[in-house]
Amino acid sequence: MSENPDSAAGSSHGDAGPGAGDPNPDLDLFSATARVQPEQSEPETDSRPLETDESSEEDPVDQQRQPLAPAKLRADYLGHTIQTAVFAIIGLVFGVVQIVSEPSAFRLAVIGGGGLALLVLYKLGTDAFARASYRRYSYRVDESGLEIRRGVLWHSVINIPRSRVQHTDVSRGPLERFFGIASLSIHTAGTSNATVLLPGLEARRALWIRNHLLGSDEEYDAV
Amino acid sequence: MPSEHPPPAVPWRRLHPASLLFSIGSSARGLLIPGLFVVFFGSGNRYEFWLMLFFIPAVLLAIIRYATFRFRLDDDELMIRHGVLTKNERHIPFHRVQNIDLIQNPLHRLLSVATVRIETASGTDAEAHLQVLSIDAVDRMRERVFAGRSAGTTSVELDSSEVESTDDRVPPAPASTGEAVFIMSLSEVLLLGAISARGLAILGALYGFMWQLDPIENLSGYIESSIGQIVDLGEIPKSLQVIGGLVLAAVLAIGIQLCSVLWALIRLYGFRLERHGEDLRSRCGLFTQVSGTIPRQRIQVLFVQQTPAMRLFGRVAIRVKTAGAQSDSSAQVSRQWIVPLIHKSRLPELLAVIQPELSPQDLVWTPVHPKTERRLRRVWLVVCILMASGFWFLFPPWVLAVPASLLVLGWIGVHFDVGARAFAQTDSVLAYRQGWWFRRFTAVRHSKIQTISLESSPFDRRWKMATVAIDTAGGGATERVTLPYLLPHRAETLFASLHRRAAAAEFRW
């Protein structure tokens, strides 16, 4: 009875498996006749969205959730400006070569105008994405560990129990130093998610979180 | 943790003298193929033989390596010293050892020595590679490592280093007397070979090897011409050619299957799994005997798998993931496949030994989101429509039957696949099962969870679904434990409870 595909299909629709009543002597982990939790037919309208979206950022239940430092956004803006400037210089060189090789007003207008439009689009686009990303980013540090929410399109909540932290890095690039922020990377013994990065923290805050995560109650053999 | 004992208390030891033989042998093997080329295919030029002089530095190097390599077993750690110019000293605390592997080829067995690989949870290669030790020394080493470990895991919860550094010699755990948990009979080994598709892999390796010797165009040209020499294809009628081809294919298939059986016989002959206190020890191999040791505590993830062929014979296989080095050593194969093939009726008793926390009888399965089937059907539909629109321009219309039949098959597959997906949680374990055709059951202990994430892609949000993913130590990133297509409220509950339980359970590798 364990190999019946029909019953396999049936169980997905939520009827409590027949195995719940009679104990199956022949244990089969794959069998669909294993006990199945009855579907609590949750009304569909009732199922909340997975993550509280930005409107509920002030959710009173979740007071401890912290946004990133506002300077992070400014640092991103400046970073994008620098990138745009670099592209502009490269574009300028190419454009000048193109126009000088075959000068005409039309070419000047097309190459110049097109290039300018691309640059403006790039700057505005990256800034908009940085804003969206900033708004979606938040973290919470508590006794049990660190929780990070992020992702503009692919939302995710990552939870790192404090006892699983192997080591941490606090790094500050030139831009970050200029704006007084820092990035914290947390390393665990995992594989696919072994390093979790939390950027855009005020420098002192990053050090505080690090000290909290590496707190003194790790006498047991965490490694 | 440097020990405060006076150093002479524990003498430094050397490797077994046979080490010289083996390390010279392995460098000789490296020169053998080029050497043969020189002998057989060389232009007969004398200078080519001078190349063989490279052998001399290899021998000298082996001697120096042997002379400078020392190791010492302290109360709580293994120390290794080697190097001439750059002196190297390595300390490996016993409680950091993930597993100890033993490799013995026939020559090793003749001299009763073994190559030992000691793995910790770091990096991609073994932490210590001792080539070679006498069996006595290996047994002593194992005993010491186990003794230290059992003190660390049973009597101390918080601070293992404290207790281990006390001077009293810990009485050796009942390590030498193991209890056989599972012994694989010869017929089971042959069955495994027959139902696994290992032959194709071997054939592929062989093909690769041939290609190394000789570019592929020449090879196929050679085959064609040699067939042509035997029979003149033009003289044989078409129908006979077809039959001949089929016969050839059948012979090839049987040959592949035989390869697979042979592989299983060489690799897994005499497979046995023993329990020594808290450690599991597996041993197998016809010529080269491999023995792996995993502490039960160090199993990160446990899988029970069943391929269609296994199901036909009512068998399953158990595999475990450890945090040890990820190199593709032969020992790792035997260690990962902790039970290569077993009748499913014996599964409960074995699981009870391998992972006592998991009580499969108590699992209560929660199915995935009721709309999963519809969602996956939609994916198939889109894929098939894309394929069909591509075919429309390229091929005659009847080829459209391909995407159409693919769609039907896909939908049937989705139906069963969705029915098979479910997760279950107990106080100590998260279990997940998936796949109807290739079935897989995964169990992770909460104490082995590293990070937990709750994810939702734009598609997930459209269908009001969510994914819970768990990261563990060891194994490839491809084997990440992911639970997709969950009802959002269930996903959140699971996420929260996993976090609570993982944070409460301390992680001890």
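Protein chains in written order, with the numbering used here: chain H, 88 to 310; chain P, 856 to 1364. C-beta atoms are modelled at their ideal positions from N, C-alpha and C, and glycine is treated no differently.
- The beta carbon of Ala276/H lies closer than 6 angstroms to those of Gln253 in the same chain, with the five residues before and after it left out.
- In the DSSP annotation of this structure, Ala983/P is not part of any alpha helix (DSSP H); the continuous beta strand (DSSP E) holding it starts and ends at 983 to 989.
- It is roughly 16 angstroms from the alpha-carbon of Gly238/H to the alpha-carbon of Gly212/H.
- Taking Gln1155/P as the centre and dropping the five residues before and after it, the same chain places the C-beta of Val1175, Lys1176, Thr1177, Ala1178, Val1299, Lys1303, Thr1327, Ala1328, Gly1329, Gly1330 closer than 8 angstroms to its C-beta, in chain order.
- Between the region 158 to 171 of chain H and the region 282 to 302 of chain H there are three or more C-beta pairs closer than 8 angstroms, enough to call the two in contact.
- Counting C-beta pairs with one atom in each stretch, the region 862 to 882 of chain P and the region 985 to 1001 of chain P have three or more that are closer than 8 angstroms, which means they touch.
- Note on geometry: alpha-carbon atoms of His167/H and Ile176/H lie some 14 angstroms from one another.
- Assignment of Met1320/P by DSSP, reduced to helix, strand and coil, places it in the coil class.
- One thing to note: Ile1193/P has its Cβ within 8 angstroms of the Cβ of Ile1209/P.
- Rounded to the nearest whole angstrom, the CA to CA distance from Ile198/H to Arg1229/P is 49 angstroms.
- Taking a cut-off of 8 angstroms for Cβ pairs, the region 1116 to 1129 of chain P and the region 1251 to 1263 of chain P do not touch, as fewer than three such pairs fall below it.
- For Thr1337/P, same chain residues with a beta-carbon under 7 angstroms away, outside a window of 5 residues either side, are Thr1322, Ala1324 in chain order.
- Judged by DSSP secondary structure, Arg194/H falls within the alpha helix (DSSP H) whose first and last residues are 192 to 223.
- When C-beta atoms of the region 214 to 228 of chain H are compared with those of the region 179 to 192 of chain H, fewer than three pairs fall below 8 angstroms, so the two segments do not count as touching.
- In this structure, Asn246/H sits near Glu234/H, with a CB-CB distance shorter than 8 angstroms.
- With the rule of 3 Cβ pairs closer than 8 angstroms, the region 956 to 972 of chain P does not count as touching the region 921 to 939 of chain P.
- DSSP assignment within the region 1100 to 1141 of chain P yields the following whole beta strand (DSSP E) runs of 3 residues or more, N-terminal first: 1127 to 1131, 1134 to 1139.
- Contact annotation: Pro1195/P and Met1039/P have beta-carbon atoms nearer than 8 angstroms.
- If you draw a straight line from the Cα of Trp1292/P to the Cα of Trp1235/P, it comes to about 17 angstroms.
- Interface residue (Cβ-Cβ distance to chain H less than 8 angstroms): Asp1326/P is classified as such.
- Looking only at Tyr1124/P, Val1145/P, Arg1151/P, the smallest Cα-Cα distance to Gly1132/P is reached by Arg1151/P.
- Checking the DSSP bridge columns, you'll see Val1194/P partnered with Ile1173/P.
- Scanning its chain for C-beta atoms nearer than 7 angstroms, with the 5 sequence neighbours on each side dropped, one finds no residue around Pro872/P.
- Residue environment for Pro1343/P: buried (at least 16 other C-beta atoms within 10 angstroms of its C-beta).
- Counting only residues of its own chain and dropping the five nearest sequence neighbours on each side, Gly1140/P has a CB closer than 7 angstroms to the CB of Arg1122, Tyr1124.
- Around the beta-carbon of Phe1278/P, 16 or more other beta-carbon atoms lie within 10 Å, marking it buried.
- Taking C-beta atoms as the reference points, Ser882/P and Ala913/P count as a pair closer than 8 angstroms.
- Apart from the 5 residues on each side of it in sequence, Leu271/H sits with its Cβ closer than 7 angstroms to the Cβ of Thr255, Val257, Leu285, Leu288, Ala293, Ile296, Arg297 in its chain, given in chain order.
- Residue contact with chain P for Trp295/H: absent (no Cβ-Cβ distance below 8 angstroms to any residue of chain P).
- Within chain H, the residues placing a beta-carbon under 9 angstroms from that of Val1159/P are Leu116, Phe117, ordered along the chain.
- For Thr282/H, no CB of chain P lies under 8 angstroms from its own CB, so it is not counted at the interface with that chain.
- Apart from sequence neighbours up to five positions away, the residues of its chain that approach Met1242/P with a beta-carbon distance below 6 angstroms are Pro1258, ordered along the chain.
- When DSSP states are grouped into helix, strand and coil, Val1219/P belongs to the coil group.
- A straight-line Cα-Cα distance of about 50 angstroms links Ala917/P and Ser1308/P.
- His946/P has Met934/P as its beta-bridge partners, per DSSP.
- Listed in chain order, the beta strand (DSSP E) runs fully inside the region 238 to 279 of chain H are 242 to 248, 254 to 258, 268 to 274, counting runs of at least 3 residues.
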